[in-house]
Ligand code: KG4
Ligand code: ZN
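Numbering (this note's numbering), first residue to last: 1 to 341.
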């Protein structure tokens, strides 16, 4: 079998997106289907785990079928099935993992359990079939992984080789966006709402703290969140409407500064050949601009459609495990809290 062009079916159901994708050679997207539950959870102001599992059950079969159909391939044309094993919501993960196991059993294909965070990193390798490939990230590579549940700074010396330099000591970057959005009366998910509100705001209106933890590659965002809360409480004493745009812009500026500065320092320290930014928060325009307008390091940030949860990234990470002969047996379980391996 030609491993280089291996075809991987990816399945993702760790949170509130049910997704499936077909990827060739680890990089080329033949299809990527995402059924989002965001609207359903918005009225609860966050993901409602029990509801999420039920929605995955309803959607997953059709999503996988559509991914295969759109790729004009069938299950027997695949070389392996890759599925998110964790981290994520246990009840949601199990839906994807069980379907992947059933499909693998029925087809005789190998199965690969993929770490969701690793998936986010591999989103930077992907491109749509028929389009020009983006430059391939070179090692050593520094990855800033910023999602709803994680904020990690990871040094990669090769494919699948992760050295965690640091991470958040409290809230994840996306979680901070979500919590501050709630404080400001903005809708879930908070990242896009804050970004939109910030458009018409002044990022210098409030000087929110940029926690600079010395001699560590860790982040901390709870002080920033509390500073926004205090300011909101102060401002609520007056009869004037809350200056939501200025608060959103000033908060966004503080969090982007903290992420950008620490990442740049680590990139210098470890003399990397490139910086990769991935995870839901990498969709943030202000964060993207900060990295794209520096010229010290090549930067790899996936297109917006691949920043938030999808299965193409899971299939891509799965491909690199596959060519490494790093397969799982059927006994593997979900791992709701699973750091980068
Ligand atoms: O990676 P992701 O889709 O799911 C997790 O693995 O957590 O990330 C979701 C997170 C949410 O916290 C959401 O508010 C944030 O990514 N996010 C953004 C933006 N779009 C999504 N944060 C800032 N700016 C955005 N444009
Ligand atoms: Zn994610």
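Virtual Cβ for every residue (Gly too), placed ideally from N, Cα, C.
Nothing here was measured: the structure is a model prediction, and the numbers come from that model.
Residue(s) in a DSSP beta bridge with residue i
| i | result |
| --- | --- |
| residue 128 | 29 |
| residue 276 | 143 and 300 |
| residue 80 | 8 |
| residue 17 | 36 |
| residue 112 | 82 |
| residue 342 | No statement about residue 342 is possible, as the shown extent of the chain runs from 1 to 341 and does not include it. |
| residue 326 | Looking at the DSSP assignment, residue 326 forms no beta bridge with any residue, so it has no partner. |
Enclosing alpha helix (DSSP H) for residue i [first to last residue]
| i | result |
| --- | --- |
| residue 98 | 90-107 |
| residue 119 | 116-122 |
| residue 188 | Element bounds for residue 188: n/a, residue is neither H nor E. |
| residue 72 | Looking at the DSSP string, residue 72 is not in any alpha helix (DSSP H), and its letter there is neither H nor E. |
| residue 286 | 285-292 |
Boundaries of the beta strand (DSSP E) in which residue i is found, first to last residue
| i | result |
| --- | --- |
| residue 10 | 7-12 |
Integer Cβ distance of residue i from residue j, believed to fall under 8 Å
| i | j | result |
| --- | --- | --- |
| residue 21 | residue 33 | 7 Å |
| residue 291 | residue 277 | 6 Å |
| residue 106 | residue 147 | Between residue 147 and residue 106 the Cβ distance is about 32 Å, and since that is not below 8 Å, they are no contact. |
| residue 314 | residue 10 | 4 Å |
| residue 340 | residue 152 | 7 Å |
| residue 98 | residue 167 | Wrong, their Cβ atoms sit about 30 Å apart, outside the cutoff. |
| residue 145 | residue 280 | So it is not a contact: roughly 10 Å between Cβ atoms. |
| residue 272 | residue 184 | Not confirmed; about 36 Å, so no contact. |
**Item:** Start-end ranges of the alpha helix (DSSP H) lying completely within the stretch 148-172, minimum 4 residues
**Value:** none
**Asked** Can you list the alpha helix (DSSP H) stretches of 4 or more residues lying completely in the stretch 201-251, in chain order?
**Response** 222-236
**Asked** Touching or not, the stretch 84-96 and the stretch 121-128, by the rule of three or more beta carbon pairs under 8 Å?
**Response** no
**Prompt:** Does the stretch 69-85 come close enough to the stretch 304-319 that 3 or more CB-CB pairs lie under 8 Å?
**Reply:** yes
**Asked** Do the stretch 100-118 and the stretch 223-241 meet, that is, are 3 or more Cβ pairs less than 8 Å apart?
**Response** no
**Asked** Counting pairs of beta carbons, one from the stretch 220-227 and one from the stretch 260-272, are three or more of them closer than 8 Å?
**Response** no
**Message:** Across the stretch 327-338 and the stretch 201-217, are there enough close Cβ pairs to call them in contact, namely three or more that are closer than 8 Å?
**Reply:** no
**Message:** Below 8 Å, how does it come out for the stretch 152-161 and the stretch 50-60: are there three or more Cβ pairs, yes or no?
**Reply:** no
**Asked** Do three or more CB pairs link the stretch 177-191 to the stretch 40-48 at distances below 8 Å?
**Response** yes
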